[in-house]
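Visitor: This is the structure I have questions about; it appears just below.
In the numbering used here, the protein residues as written are 17 to 537.
Here it is, written out as structure tokens:
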């Protein structure tokens with residue numbers, strides 16, 4: 017049973033409490049973190065923390081922006097390193113990588129921003145792979161001094177407080193000022209509680225001042241809670257296809273859950289009759305087969321089955337363009353392990369990758385879809401965007417909707433609404449271009465132009481998001497959807513599943529592209 021010490025910012029106390037509970041319940045370990053503000057003075061509090069670091073077998077660094085500015089956290093981390101403790105850097109919120117200690121900039125961070133099932137699995141694997149903690153060095157390294165942050169200084173002043181009226185008044189004023197600081201405001205109430213416990217020296221007038229400040233803080237907290245509740249309760253409902261612009265300047269459309277209307281049912285995949293019809297259409301066009309025998313190409317769409325997607329999400333209105341992807345490259349996307357799966361980051365480092373494959377000037381117009389991207393790169397780009405690749409079910413629901421359309425615009429093929437270039441080159445995309453071919457939620461180019469990576473492994477139907485096919489670290493072929501400019505009308509259907517020898521995560525093509533999803537929250 018491993019002993020884990022968590023170094024964190026008090027602003028993240030609720031998140032860390034939940035994290036500690038998950039670690040204890042799921043991973044057979046004991047967890048220690050500073051659960052409440054010290055009640056006995058800065059030095060005693062600090063000595064207890066250093067002893068807990070000495071006893072731990074894993075030092076978990078809970079990374080958020082406040083942690084990187086916290087002097088106690090910096091000293092805790094430095095002491096753990098001096099003791100040789102295995103360090104597990106866990107990302108609880110987005111941070112600027114260059115602000116991390118140099119040694120942490122070079123390692124894979126454990127992403128725990130959503131506390132999802134996948135992230136719990138990643139946490140378990142990371143814990144298992146950590147080396148055992150070495151014996152404590154002899155002699156022990158010099159202990160870091162008590163950090164002189166405002167909270168610790170105020171604690172020391174309260175512990176050493178005398179009956180001097182002006183000294184007490186200044187402490188109360190400093191606590192009030194501390195409350196206005198976003199980083200330390202969470203400590204103000206605890207400090208006042210500690211101050212009021214000093215009734216052995218606290219004067220009646222200052223006791224009254226302290227209680228008035230405590231009431232003010234409590235009222236402010238209640239107002240914030242009421243406002244948050246009201247804001248949540250008045251959150252408007254989005255309409256299917258409603259458009260937003262995300263924080264990277266990309267147009268996205270709203271996709272409701274399949275439970276949005278009682279009249280809606282999402283049947284994923286094809287019936288036997290539809291698959292046979294696709295096969296006959298395929299044969300009639302005399303298409304040259306690549307890998308699969310014809311029947312196998314369409315049997316992978318069987319059986320048709322009901323799917324429930326209980327969450328709403330945002331979907332890119334257009335395939336990701338060269339212009340959009342270039343922002344990721346310029347933002348050091350290929351230098352930041354934060355965005356990559358473990359195997360993806362290994363692929364980047366092994367190949368010294370600095371950008372996607374370039375097929376030449378005919379593919380490089382800023383408004384052309386970004387092609388030449390592997391699944392690893394597509395997944396990393398979507399994470400950088402604050403999103404992810406769509407699951408295969410999410411993609412198909414957004415493409416065909418509750419009517420179960422064969423193509424995004426209807427059940428009959430129309431060559432004027434899709435890009436199937438004889439030159440086999442993706443076409444420019446843009447709002448208003450081929451708008452009559454938009455899907456029911458106003459997403460463009462979901463049929464033809466470029467095939468789009470999904471997060472899902474190629475496994476047989478029925479689709480089940482919990483059966484392992486959404487494990488981002490698993491080996492195997494990944495699904496592409498939507499057909500491309502190189503393919504026929506039959507492969508541009510909304511149910512067509514693109515899978516062949518070139519759909520492993522490290523493969524790319526001049527017709528592989530990206531479309532991102534962001535969860536509604």
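Glycine included, C-beta positions come from ideal geometry on N, C-alpha and C. Computed from a predicted model, the values in this text were never measured in an experiment.
#1: Would you give the residue range spanned by the alpha helix (DSSP H) that residue 298 belongs to?
#2: Report buried or exposed for residue 389, applying the criterion of at least 16 other Cβ atoms within 10 angstroms of its Cβ.
#3: Could you tell me the alpha carbon to alpha carbon distance between residue 5 and residue 135, rounded to whole angstroms?
#4: Which same chain residues end up closer than 7 Å to residue 520 when comparing Cβ atoms and leaving out the 5 residues on each side of it in sequence?
#5: Can you list the beta strand (DSSP E) stretches of 3 or more residues lying completely in the stretch 256 to 281, in chain order?
#6: For residue 490, which residues from the same chain have a beta carbon less than 8 Å from its beta carbon, with the 5 sequence-adjacent residues on both sides left out?
#7: With distance defined between alpha-carbon atoms, name the residue in 331, 456, 423 nearest to residue 398.
#8: Thinking C-alpha only, which one of 531, 456, 512 is nearest residue 256?
#9: If distances are taken between C-alpha atoms only, which option among 510, 370, 172 comes closest to residue 417?
#10: Tell me whether residue 512, by its Cβ, gets closer than 7 Å to a heavy atom of the ligand NAD.
#11: Residue 285: buried (16+ other C-beta within 10 angstroms of its C-beta) or exposed?
#12: Could you tell me which residues DSSP pairs with residue 535 in its beta bridges?
#13: Taking only the alpha-carbon atoms, compute the straight-line gap between residue 336 and residue 113 and give it to the nearest angstrom.
#14: Hey, out of 27, 326, 328, 405, whose CA is closest to residue 355's CA?
#15: Contact between the stretch 461 to 475 and the stretch 258 to 266: three or more CB pairs below 8 Å?
#16: Check whether the Cβ atoms of residue 44 and residue 17 sit closer than 8 Å, and answer yes or no.
#17: Considering only their Cβ atoms, is the gap separating residue 229 from residue 170 smaller than 8 Å?
#18: Who are the Cβ neighbours of residue 403 in its own chain at under 7 Å, not counting the five residues just before and after it?
#19: Of the choices 369, 352, 231, 478, whose alpha-carbon is the least far from that of residue 317?
#20: May I have the straight-line CA-CA distance separating residue 378 from residue 90, to the nearest angstrom?
#21: At 4 residues or longer, what runs of the alpha helix (DSSP H) sit wholly inside the stretch 403 to 457?
#22: Would a C-beta distance cut-off of 8 Å place residue 78 and residue 32 closer than the cut-off?
#23: Note down, in chain order, each residue of its chain lying with its Cβ closer than 6 Å to the Cβ of residue 324, except the 5 sequence neighbours on either side.
#24: What's the call for residue 281, buried or exposed, on a 16-neighbour Cβ count within 10 Å?
#25: Taking residue 471 as part of the beta strand (DSSP E), name the residues at either end of that continuous run.
Guide: Let's see:
#1: 288 to 300
#2: buried
#3: Outside the displayed range of the chain (17 to 537) lies residue 5, so it cannot be described from this structure.
#4: 493
#5: 259 to 261, 267 to 271
#6: 473, 484
#7: 331
#8: 456
#9: 510
#10: With respect to small molecules bound, the structure shown includes none, and the ligand NAD cannot be examined in it.
#11: buried
#12: 329
#13: 25 Å
#14: 405
#15: no
#16: yes
#17: no
#18: 532, 533, 534
#19: 478
#20: 51 Å
#21: 408 to 416
#22: yes
#23: 274
#24: exposed
#25: 467 to 473
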